[in-house]
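Written below as structure tokens is the structure these notes are about.
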Amino acid sequence: MVIPADKPVLAALEETAERLLARHLSTTKEWFPHTLVPWGRAAGFEADYEWSPAEAGLPSAVRSALFVNVLTEDNLPYYFRDIERMFGRDGAWGSWVRRWTAEEGRHGFVINAYLLATRSVDPVELERARMVQVQTGAVPEPPNAAEGLAYVALQELATRISHFNTGSRIDDPAGRAVMRRVAADENLHFLFYRDAMSAVFEMDPSAAVIATEKQVTGFAMPGVGIPGFTAHAKAIADAGIYDLAIHHDQILQPVVMREWKLADIEGLSGEAEQARERLIRYVGRVGKVGRRIASRREERLAADAERQPVGV
Numbered sequence: 002m003v004i005p006a007d008k009p010v011l012a013a014l015e016e017t018a019e020r021l022l023a024r025h026l027s028t029t030k031e032w033f034p035h036t037l038v039p040w041g042r043a044a045g046f047e048a049d050y051e052w053s054p055a056e057a058g059l060p061s062a063v064r065s066a067l068f069v070n071v072l073t074e075d076n077l078p079y080y081f082r083d084i085e086r087m088f089g090r091d092g093a094w095g096s097w098v099r100r101w102t103a104e105e106g107r108h109g110f111v112i113n114a115y116l117l118a119t120r121s122v123d124p125v126e127l128e129r130a131r132m133v134q135v136q137t138g139a140v141p142e143p144p145n146a147a148e149g150l151a152y153v154a155l156q157e158l159a160t161r162i163s164h165f166n167t168g169s170r171i172d173d174p175a176g177r178a179v180m181r182r183v184a185a186d187e188n189l190h191f192l193f194y195r196d197a198m199s200a201v202f203e204m205d206p207s208a209a210v211i212a213t214e215k216q217v218t219g220f221a222m223p224g225v226g227i228p229g230f231t232a233h234a235k236a237i238a239d240a241g242i243y244d245l246a247i248h249h250d251q252i253l254q255p256v257v258m259r260e261w262k263l264a265d266i267e268g269l270s271g272e273a274e275q276a277r278e279r280l281i282r283y284v285g286r287v288g289k290v291g292r293r294i295a296s297r298r299e300e301r302l303a304a305d306a307e308r309q310p311v312g313v
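Have a look at this one:
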């Protein structure tokens with residue numbers, strides 16, 4: 002059920018949701034997961050089959066990214082529950098919730114099918130982790146619609162970047178095609194939420210700033226319920242697939258600071274002004290830490306390259 006206090010907000014944004022849904026439906030392209038999976042490379046699994054990393058032909062960090070990405074997609078039942086709780090099941094918002102869910106359902110299927118067909122990850126470990134993830138049902142639960150829109154805008158863009166960067170590190174053309182197709186969907190989802198949140202900034206800038214500050218400063222990539230998530234997240238960051246520098250340069254700066262024009266908003270309440278000041282300081286700190294981490298990674302990679310034997 003929609004939070005009672007959010008009903009006037011969602012009603013005021015109904016025309017915006019209708020417009021954004023119509024734009025989404027006119028922009029998105031129909032695609033079929035079965036056409037992207039290299040079924041000809043698949044083979045049956047014997048009951049005593051034991052997976053080896055040599056079968057994957059992928060760097061361990063890319064396997065970590067695929068593992069986290071697909072398990073996040075598999076947690077769709079709980080994301081649907083929360084999205085419907087925040088935005089409701091009626092009108093344009095309800096239509097969007099169901100359309101978003103239908104599109105997201107393809108993502109988990111196509112990535113899972115690709116991973117199993119190509120034996121890119123351990124199928125036993127993957128299934129055990131899926132069982133844990135879905136039984137746990139851990140997902141972020143923003144307390145209201147404004148915070149929900151702020152979170153999903155950031156999360157969809159972060160997911161798009163992670164999927165795309167993962168695909169870019171897969172030499173297999175089929176794997177790249179799968180991840181880029183999914184990333185393209187995630188980008189359209191991001192645009193819906195980004196622009197819906199922009200409408201909140203226009204309607205009630207103080208509420209929007211307060212909501213954004215809470216979600217930005219508490220933001221975490223989905224997947225905290227995944228077994229071994231911390232180790233996988235570190236591997237993903239160390240490989241430059243998704244790290245603080247990317248979070249700052251490709252999410253916080255372009256969306257929060259430029260698209261939502263955080264520094265230029267006028268007429269804020271006292272509470273919102275304080276939230277803005279905290280948020281601007283936070284974005285600055287993330288940028289500094291991100292640059293420092295990226296610089297250390299580049300130094301490490303350069304040192305590794307120098308140690309590499311000539312001709313290898």
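Here the working numbering = 1-based position in the sequence shown + 1. We put the beta carbon where it would ideally sit given N, CA and C, even for glycine.
Checklist entry - Can you check whether the CB of T218 is closer than 8 Å to the CB of Y283? => result As a position in the sequence shown, residue 283 is number 282, starting the count at 1. As a position in the sequence shown, residue 218 is number 217, starting the count at 1. Cβ distance < 8 Å, so Y283 and T218 count as in contact.
Item to check | Outcome for V313 when other beta-carbon atoms lying within 10 angstroms are tallied against a minimum of 16 | outcome: Stepping through the sequence shown from its first residue, residue 313 is reached at position 312. Its pLDDT being 48, under 50, V313 is placed unreliably in this model, and the coordinates cannot settle the point.
Item to check | Neighbourhood of A62 by C-beta distance below 7 Å, restricted to the same chain and skipping five residues each side | outcome: Stepping through the sequence shown from its first residue, residue 62 is reached at position 61. If we look at A62 and ignore the five residues flanking it on each side, its Cβ neighbours are A236, I237, D239, A240 and I242.
Item to check | Every unbroken alpha helix (DSSP H) inside the region 127-206 [4 residues or more] | outcome: 146-169 and 174-204
Checklist entry - Between the region 287-301 and the region 245-252, do three or more beta carbon pairs fall short of 8 Å? => result yes
Item to check | Within 8 Å, strictly: CB atoms of R42 and A114 | outcome: Counting from one through the sequence shown, the residue named residue 42 turns up at place 41. Counting from one through the sequence shown, the residue named residue 114 turns up at place 113. It is not a contact, given that the beta carbons lie outside the stated cut-off.
Item to check | Candidates R100, A178 and E299, of which the one nearest L26 by Cα | outcome: On the sequence shown, position 25 is the one that residue 26 refers to. Selected option, being the one with the closest Cα: R100.
Item to check | Element boundaries [alpha helix (DSSP H), containing A62] | outcome: Taking the sequence shown and counting its residues from 1, one reaches residue 62 at position 61. From DSSP, the alpha helix (DSSP H) with A62 extends over S61 to D75.
Checklist entry - Looking only at its own chain, which residues have a Cβ that is under 7 Å from the Cβ of T17, when we skip the five neighbours before and after it? => result Within the sequence shown, residue 17 is the residue found at index 16, counting from 1. Only A197 and A200 meet the Cβ criterion.
Next on the checklist: Just to confirm before moving on: does the CB-CB distance between V125 and W32 stay below 8 Å?
Outcome noted: Indexing the sequence shown from 1 puts residue 125 at position 124. Indexing the sequence shown from 1 puts residue 32 at position 31. Contact: no.
Checklist entry - Which residue comes first and which comes last in the alpha helix (DSSP H) that contains A234? => result Here residue 234 is taken as the residue at index 233 of the sequence shown, counted from 1. A234 -> alpha helix (DSSP H) spans F230 to D239.
Checklist entry - Going by alpha carbons, who is nearest to V38 out of F68, A13 and V111? => result As a first step, residue 38 is located in the sequence shown; it is residue number 37 there, counting from the start. Minimum Cα distance to V38 is reached at V111.
Checklist entry - Excluding the five sequence neighbours on either side, which residues of its own chain have a C-beta within less than 6 Å of the C-beta of A295, listed in chain order? => result Taking the first residue of the sequence shown as 1, we reach residue 295 at position 294. Cβ neighbours of A295 beyond the five flanking positions: A246.
Checklist entry - What residues in its chain sit with their C-beta under 7 Å from that of E142, if we drop five residues either side in the sequence? => result Here the question's residue 142 lines up with position 141 in the sequence shown. Here the set comprises D83.
Item to check | Three-state class that DSSP yields for A57 in the structure shown | outcome: One-based indexing of the sequence shown puts residue 57 at position 56. If DSSP states are grouped into helix, strand and coil, A57 belongs with coil.
Next on the checklist: Suppose you measure from the CA of A6 to the CA of A276; what does that come to, to the nearest Å?
Outcome noted: Reading the sequence shown from its first residue, position 5 is the one you call residue 6. Reading the sequence shown from its first residue, position 275 is the one you call residue 276. Whole-angstrom Cα-Cα distance: 21 Å.
Checklist entry - With a cut-off of 8 Å, do at least 3 Cβ pairs link the region 267-281 to the region 204-213? => result yes
Checklist entry - By how many angstroms is the C-alpha of W261 removed from the C-alpha of M204? => result As a working note, residue 204 is residue 203 in the sequence shown. As a working note, residue 261 is residue 260 in the sequence shown. Their Cα atoms are separated by approximately 13 Å.
Item to check | Cβ neighbours of F46 in the same chain (closer than 6 Å, five flanking residues each side left out) | outcome: Working through the sequence shown from its first residue, we reach residue 46 at position 45. Contacts found: none.
Checklist entry - Tell me which same chain residues have a C-beta within less than 8 Å of the C-beta of G95, skipping the five on either side of it? => result Position 94 of the sequence shown, counted from the first residue, corresponds to residue 95. Cβ within range, chain order: E85, F88 and G89.
Next on the checklist: Any contact between the region 214-234 and the region 68-76? By contact I mean 3 or more CB pairs, one from each, below 8 Å.
Outcome noted: yes
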